[in-house]
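Residue numbers (the working numbering), protein chains in the order written: chain A, 1 to 353; chain B, 354 to 712.
All C-beta atoms in this analysis are idealised placements derived from N, C-alpha and C, irrespective of residue type, glycine included.
First up is the structure itself, then whatever we jot down about it.
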Amino acid sequence: MVQIRQDTKAAVVNQREDKKILLAHGGGGRLTSNLISSLILPRFDNEVLGKLTDSAAIELSSSSVLFTTDSFVVKPLFFKGGDIGKLSVCGTVNDLAVAGAKPVALSLSLIIEEGFETALLERILDSAANTAAEAGVRIVTGDTKVVEKGSADGIFINTAGIGTRVAGAELSFDKITPGDCIIINGTIGDHGMAIMSKREGIEFELSIESDCACLADLTCKILESTPGVRFMRDPTRGGVAAVLNEIAEGRRCDIEINEKPVPVNPAVKAAADMLGFDLLDIANEGKVLIVASQDSAEAVLNICRNHPLGRQGQVIGRVAETAAEAPIVEMITAIGGKRIVRTPYGRDLPRIC
Amino acid sequence: MLNRIMTAHRQMDAACEKVGGQINIMEVCGTHTVSIFRNGIRPTLPRRLKLLSGPGCPVCVTDQGFIDVMLELAQHDDCIIATYGDMVRVPGRAGSLETNHLSNVKVVLSSDDALKLAEKHPDKTVVFIAVGFETTTPATAVAVGEADRKGIENFCVLSGHKLVIPAMRALLSDANNKIDAFLCPGHVSVIIGSEAYGEIVSEFARPCVVAGFEPMQIIEGLAEICRQIVRGTAQVGSVYQGVVSAAGNTTARKIVAEYFEPYDGYWRGLGTIAGGTLRLKDKYKRFDALERFGIEEIPAEELAGCLCGKVLSGLIDPPECGMFENKCTPDTPVGPCMVSSEGACAAWYKYGRIRKRRS
Ligand code: SF4
């Protein structure tokens with residue numbers, strides 16, 4: 001252990017000279033330990049990771065543990081409002097958060113393409129470290145592999161996370177009851193449109209920022225103070241439309257959404273209109289859909305609106321009994337019309353004109 | 354807003370009252386179709402006012418022969434197919450660009466992106482799949498001009514560009530047509546000018562009203578058509594004033610006329626339409642993919658079993674097609690009208706099924 005720490009300074013110098021990641025950085029030899037000691041350890045410094053054991057040992061305050069994993073292959077790696085590092089931490093933290101957990105620890109594994117710039121890797125690691133610190137979770141274990149040029153696209157990140165269940169937070173489809181309210185903590189479609197506008201090289205005059213954020217603080221506050229929360233999910237890929245349909249199918253209930261109160265950032269709406277997208281289908285990375293009993297909806301909304309990640313929170317719909325074989329999600333549109341909301345196809349392609 | 358909607362609905366009711374029977378209004382353009390569905394406009398209209406989805410979905414009207422030529426070109430290893438997104442999923446005789454898992458297919462947002470690809474890959478021939486109406490043609494013309502000026506000889510265009518007015522004329526010339534009036538697309542009209550609809554109005558006596566794509570603009574466009582019906586007139590109208598001029602964008606049209614010429618091309622389901630499709634002029638033929646790859650012409654073909662043609666001419670609604678929602682869904686599209694985000698079948702599928710029971 002002490003040995004590695006002593007190497008750190010020399011290794012930093014070496015890294016700067018190299019400027020690019022080599023296959024040998026993932027080969028398990030000296031370059032690997034240099035990489036770990038110079039780039040990784042100083043950023044995620046905590047006593048569990050610092051031990052560099054094969055497995056991390058963590059003490060948990062509860063025996064009800066939630067465990068999740070997710071991989072991140074986003075392109076572009078850097079976008080307004082975030083980057084793959086931040087995303088990889090938020091994504092896993094949020095998966096734990098919406099399942100009713102308080103996130104405790106994460107793993108972080110990197111698959112890096114040979115030739116990837118060290119400076120970019122440093123930016124990504126900084127961002128992951130800051131995000132984890134802000135969310136109050138530790139990154140306790142990890143791995144680095146380097147693959148040949150062409151075998152990956154820059155960098156892929158996998159994170160896994162564990163958390164302990166917030167007392168009394170038993171969330172499931174079965175808990176959902178007709179009459180329940182559906183609440184969202186803010187504007188929809190920001191992340192997807194930020195990525196899309198960057199990826200397509202469309203410089204929208206109004207800048208669009210990803211909503212990428214860790215939701216655990218907000219969700220824990222909600223769960224700790226209101227008993228009426230039935231279910232939560234973060235509308236990432238597939239957007240709000242996909243989650244609403246999952247709920248409708250999972251619980252076999254209808255859902256009625258009201259378009260008017262759905263919070264939307266005008267620049268995001270303009271971009272979506274231009275490319276022909278329905279914002280309900282677009283990914284979010286800092287949003288949570290909360291199904292809560294009618295009695296507790298007000299309290300949930302209050303907590304949201306008093307939290308930096310929920311200022312624009314709104315009740316956007318309600319759950320209804322279904323009479324049909326296939327439950328549906330229906331929306332009352334802003335002009336007083338009606339239409340259904342379906343799970344999107346899954347590959348967002350801009351329209352032609 | 355509520356007041357404006359109520360006024361519009363009163364005018365629609367008055368027109369239905371006057372006619373006694375059904376009024377069929379065709380929204381020519383796919384962007385209108387999507388907006389109408391996405392904003393749930395249909396269920397709010399009087400029962401006797403029926404909207405027909407028209408042929409203004411570029412992917413939908415692109416014929417089967419064109420798709421097959423495109424798929425064939427994609428087989429060339431030294432080719433890069435640069436295409437707008439929707440085209441990659443349209444099924445041809447053998448799979449689609451998407452299901453064939455081709456690494457030489459690049460989705461682009463503009464003809465300019467395609468040209469950049471050609472500059473970046475001088476060892477490959479970039480074929481830009483140029484589909485779309487008057488809104489996208491000027492950009493294709495500009496790209497060909499750039500390629501010509503800069504000598505980017507590894508760039509070429511497979512042109513399926515189409516014109517709106519000849520299609521409207523073809524629809525009305527069919528004795529079976531049910532169209533009483535047209536809701537005309539704002540963005541196309543910005544280019545062709547509202548004047549362009551004059552010939553349709555005078556020859557066929559059908560109101561043509563230009564509207565933008567916002568739900569309120571669509572509702573007011575429909576109301577303007579209904580006001581004309583009540584008055585017993587057929588005129589060119591616009592609820593998109595300030596954006597669409599009578600003459601349109603003459604500069605854009607000049608650029609198109611420099612590079613392209615209309616010919617009698619084949620449209621899916623609608624057949625050959627006189628002067629309805631654009632091809633590169635002789636002067637620029639070396640940028641024509643057909644010329645470059647020695648393809649004589651695009652064969653006229655129809656896809657068996659798919660009723661897109663009838664959907665595109667407003668003769669049937671998508672659910673009347675036997676394959677709708679069972680064999681044909683956005684995940685397993687049979688025809689292009691289910692593929693394109695602007696296609697009528699896709700819009701019906703995605704937004705259309707409304708529960709009647711609940712109040
Ligand atoms: S439902 Fe499918 S097969 Fe039928 S007309 Fe539409 S696209 Fe063609």
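Nearest to residue 76 of chain A by C-alpha distance, out of A:136, A:213 and A:124, is A:124. In the displayed model, residue 232 of chain A falls within a strand according to three-state DSSP.
With a threshold of 9 Å between beta carbons, residue 457 of chain B makes no contact with chain A.
Following the DSSP letters along the chain, one finds residue 377 of chain B inside the beta strand (DSSP E) bounded by residues 376-382. Chain-ordered listing is empty here: chain A has no CB closer than 9 Å to the CB of residue 638 of chain B, the nearest sitting near 25 Å. In this structure, the straight-line span from the alpha carbon of residue 524 of chain B to that of residue 545 of chain B is close to 19 Å. The stretch 365-449 of chain B contains, as complete alpha helix (DSSP H) runs of 4+ residues, the segments 383-391, 411-414 and 417-426 (chain order). Counting along the chain, residue 113 of chain A sits inside the beta strand (DSSP E) bounded by residues 101-113.
In chain order, the residues with a C-beta atom nearer than 6 Å to some heavy atom of the ligand SF4 are B:659, B:660, B:661, B:664, B:671, B:674, B:676, B:677, B:681, B:687, B:688, B:690, B:691 and B:698.
At a Cβ-Cβ threshold of 9 Å, residue 699 of chain B and residue 620 of chain B do not count as neighbours. The beta carbons of residue 400 of chain B and residue 569 of chain B sit no closer together than 9 Å.
Taking the C-beta atoms as reference points, residue 310 of chain A is found no nearer than 9 Å to residue 282 of chain A.
Contacts between residue 358 of chain B and chain A, judged by CB atoms closer than 8 Å, involve 335 and 336 in chain order. Proximity of residue 331 of chain A to chain B, defined by a Cβ-Cβ separation below 9 Å, is satisfied. A straight-line Cα-Cα distance of about 17 Å links residue 154 of chain A and residue 126 of chain A.
The alpha-carbon of residue 610 of chain B is positioned some 16 Å away from that of residue 617 of chain B. Excluding sequence positions up to five before and after residue 213 of chain A, its CB lies within less than 8 Å of the CB of 90, 285, 286 and 309, all in the same chain and listed in chain order.
Beta-bridge annotation (DSSP): residue 594 of chain B is not paired with any residue. A direct Cα-Cα distance of roughly 23 Å separates residue 375 of chain B from residue 538 of chain B.
Within the same chain, Cβ atoms closer than 6 Å to the Cβ of residue 23 of chain A are found at 114 and 146, the five residues on either side in sequence being excluded.
Inclusion of residue 62 of chain A and residue 165 of chain A in the CB contact set at 9 Å is warranted, their separation being smaller than that value.
At a cut-off of 9 Å between C-beta atoms, residue 396 of chain B counts as an interface residue with respect to chain A.
Neighbours of residue 29 of chain A across chain B, judged by C-beta separation under 7 Å, do not exist; the nearest C-beta is about 34 Å away. DSSP, read as helix, strand or coil, puts residue 673 of chain B in helix. Residue contact check for residue 491 of chain B against chain A: no CB pair falls below 9 Å.
Taking a 10 Å sphere around the C-beta of residue 529 of chain B, we find fewer than 16 other C-beta atoms and assign the residue as exposed.
Here residue 288 of chain A really is in contact with residue 232 of chain A; their C-beta atoms are around 5 Å apart, less than 8 Å. Contact annotation for residue 568 of chain B against chain A: 333, 334, 335 and 337 [CB-CB distance below 9 Å, chain order].
Residue 164 of chain A carries a strand assignment under DSSP once its states are collapsed to helix, strand and coil. Residue 355 of chain B has a beta carbon lying within less than 9 Å of a beta carbon in chain A.
Fewer than three pairs of CB atoms, one per stretch, sit closer than 8 Å, so the stretch 412-425 of chain B makes no contact with the stretch 601-608 of chain B.
Per DSSP, the continuous beta strand (DSSP E) segment holding residue 289 of chain A begins and ends at 289-292.
Listed as beta-bridge partners of residue 535 of chain B by DSSP are B:379 and B:561. For residue 214 of chain A, the three-state secondary structure derived from DSSP is coil. Between residue 427 of chain B and residue 405 of chain B, the C-beta spacing is not below 9 Å.
The alpha-carbon separation between residue 21 of chain A and residue 161 of chain A amounts to approximately 27 Å.
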